[in-house]
Amino acid sequence: MAEKVECLIIGSGPAGYTAAIYAARADLKPVLYEGLQPGGQLTITTEVENFPGYPDGVMGPEMMNQFKKQAERLGTDVRYGIVTKVDFTGPIHKVWVDEKTEIHCETVIISTGASAKWLGLPSEQRLNGNGVSACAVCDGFFHKGNDVAIVGGGDTAAEEATYLAKFCNKVYMIVRSELRASKAMQHRVKSMPNIEVLLHTETDEILGEHAVEAVRVKNRKDGSTREMPISGFFIAIGHTPNTDIFKGWIDMDDQGYINTIPGTSKTNVRGVFAAGDAQDKHYRQAVTAAGSGCMAALDAERYLANVKSGVAAE
Ligand code: NDP
């Protein structure tokens with residue numbers, strides 16, 4: 186028989202855990218499934234300096250551990266598992282975990298976040314884990330003292346380039362157009378003498394048989410190519426929302442970000458709410474994700490109160 190859950194939270198980043206904290210305090214007995222990357226994207230970042238309440242900064246994984254502890258202390262049932270299928274046909278929402286466990290939920294909060302994008306080169310796939318990585322913070326240290334390259338010109342690439350530059354000999358930052366990172370991040374990049382920024386440059390090929398040995402890049406303006414010996418190749422070119430399993434059930438935009446009713450966390454399906462990066466392509470910050478997780482729990486609580494009192498819930 187399927188387990189019955191009042192409030193199911195899918196995903197364990199700042200949005201999911203904040204929703205859990207609020208839902209647990211509202212006695213909704215939330216069950217949270219951690220998903221593929223327990224703790225979410227902050228577990229693969231370094232120091233977080235912009236989350237209020239941490240005057241000296243905090244390491245991303247440590248912060249997520251504290252979110253989890255707080256959610257559990259207040260009564261959230263945090264489980265390891267991946268939601269693989271949903272059926273939002275009826276008033277009771279059906280969810281399957283790891284293909285087999287069926288759960289019947291009165292409310293669902295989607296906080297599945299977003300995942301790193303890849304370039305799509307065959308060499309990138311072939312050498313993934315052997316010098317190619319989408320997480321400089323996880324894998325950068327293996328390249329201590331070596332030359333490495335990072336692709337991307339946004340805040341993530343700038344942040345990771347400065348991180349790598351602290352212990353790598355040289356960091357090539359491969360930017361296909363112009364830097365779009367904030368002025369503060371650009372300043373940090375430029376202040377590191379061992380970062381070389383290659384503008385209007387694309388990756389032609391990552392070279393190496395069993396591990397990364399070099400990268401060949403191409404200037405998009407004059408077509409000239411250049412080969413640099415490196416041991417690590419990092420990709421930081423943005424993210425895709427993790428919303429595939431909700432396609433066909435929940436309204437989304439053309440990139441797969443979930444559409445919510447402005448000013449709320451409500452989706453087009455009653456009793457299903459969305460929070461965090463799965464529905465936010467503009468701000469994508471831990472603190473905004475946490476705020477939207479709080480909104481989702483409050484919306485779920487009000488929805489359940491209306492259902493129980495016989496008021497037609499929106
Ligand atoms: P962005 O979307 O901001 O930047 C992506 C970068 O990757 C751009 O330079 C883009 O180039 C490039 N790119 C995209 N696709 C390709 C491709 N196929 N090949 C080569 N290059 C490519 O992503 P970020 O992850 O950097 O940032 C996401 C959001 O998170 C932003 O709003 C950012 O401000 C925020 N953020 C904030 C931080 C902070 O405040 N501490 C830290 C990290 C992120 P192009 O410009 O040509 O499209």
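If you read the sequence shown in the numbering used here, its first letter stands for residue 186, the second for the next number, and so on.
From the three backbone atoms N, C-alpha and C, an ideal C-beta is built for every residue, glycine too.
Proximal residues to T473 (C-beta, below 7 Å), its chain only, five neighbours per side dropped: Within the same chain, T473 has close Cβ partners D465.
Nearest-angstrom Cα separation, counted from R469 out to H534: The requested residue 534 is not part of the displayed model; the chain covers only 186 to 499.
Backbone secondary structure at H328 - three-state DSSP: The DSSP-derived three-state label of H328 is helix.
Backbone secondary structure at T297 - three-state DSSP: For T297, the three-state secondary structure derived from DSSP is coil.
Beta-bridge partners of A460, as assigned by DSSP: Under DSSP, A460 forms no beta bridge with any residue.
Secondary structure, alpha helix (DSSP H): runs of 4+ residues fully inside the stretch 210-241: Fully enclosed alpha helix (DSSP H) runs of 4 or longer: not present.
Heavy atom of ligand 1 within 7 Å of Y423 beta-carbon: What sits at residue 423 in the sequence shown is Gly, not Tyr. Using a cutoff of 7 Å, the CB of G423 counts as near ligand 1, since one of the ligand's heavy atoms is closer than that.
Close Cβ partners of N453 (< 6 Å) along its chain, the five nearest in sequence each way excluded: Result list for N453: D436, in chain order.
E232 Cβ short of 7 Å to ligand 1 heavy atom set: At a threshold of 7 Å, E232 does not count as near ligand 1, since its beta carbon sits no closer than that to any of the ligand's heavy atoms.
Check whether A475 and A200 have beta carbons under 8 Å apart: In this structure, A200 lies closer than 8 Å to A475 by Cβ.
Near ligand 1: L304 beta-carbon under 7 Å from a heavy atom: Correct: L304 has its Cβ closer than 7 Å to ligand 1.
Through-space distance from F418 to N315, alpha-carbon basis: Note on geometry: alpha-carbon atoms of N315 and F418 lie some 9 Å from one another.
Cβ separation of V382 and L364, assumed to be a contact under 8 Å, to the nearest whole Å: The distance from the Cβ of V382 to that of L364 is about 7 Å, consistent with a contact at the 8 Å cut-off.
Per DSSP, cross-strand counterpart(s) of G417: Note: G417 sits in a beta bridge opposite V333.
Rounded straight-line distance, which links the Cα of L217 to that of G495: The alpha-carbon atoms of G495 and L217 are separated by roughly 27 Å.
Endpoints, alpha helix (DSSP H) assigned at P307: It spans P307 to R311 - the alpha helix (DSSP H) in which P307 sits, taken as one unbroken run.
heavy atom of ligand 1 below 7 Å from A342 C-beta: Placement of the Cβ of A342 at a distance of less than 7 Å from at least one heavy atom of ligand 1 is found.
Cβ contact (3+ pairs, closer than 8 Å) linking the stretch 391-406 and the stretch 301-317: Yes, the stretch 391-406 touches the stretch 301-317.
Per-residue DSSP class, three states only, for D407: For D407, the three-state secondary structure derived from DSSP is coil.
Residue environment, E287, which counts as buried when at least 16 other CB atoms sit within 10 Å: Flag for E287 reads exposed.
Nearest residue (CA-CA) to H372, options E344, T269 and H289: The alpha carbon of H372 has as its nearest neighbour, out of E344, T269 and H289, the alpha carbon of E344.
Within 8 Å, strictly: CB atoms of N313 and D332: Between N313 and D332, the C-beta gap is not smaller than 8 Å, which leaves the two residues out of contact.
Residue nearest to G196 in terms of C-alpha spacing, selected from V293, P378 and F236: Minimum Cα-Cα distance from G196 among the listed residues V293, P378 and F236 corresponds to V293.
Whole-angstrom distance between A211 and D389, CA atom to CA atom: Distance between the alpha carbons of D389 and A211 is about 54 Å.
Validate contact between the stretch 289-303 and the stretch 250-260 using beta carbons, cut 8 Å, 3 pairs: Contact check between the stretch 289-303 and the stretch 250-260: fewer than three CB pairs, one atom from each, fall below 8 Å, which does not count as touching.
Where A399 sits in the DSSP three-state scheme: Strand.
Simplified DSSP assignment, three categories, for D439: Residue state, collapsed to three classes: coil.
Alpha-carbon to alpha-carbon, T386 and K403: Going by the C-alpha atoms only, they are around 6 Å apart.
Buried or exposed by the 16-neighbour rule on C-beta atoms within 10 Å, applied to D438: Exposure of D438 is indicated by the presence of fewer than 16 other C-beta atoms within 10 angstroms of its C-beta.
Residues near L189 by beta carbon distance below 6 Å, same chain, minus five either side: Going by the sequence as given, residue 189 is Lys instead of Leu. Excluding positions up to five away in sequence, the list reads H289.
Closest residue to H424 among F352, H328, Y442 and G238 (Cα-Cα distance): When C-alpha distances from H424 are compared across F352, H328, Y442 and G238, the shortest belongs to Y442.
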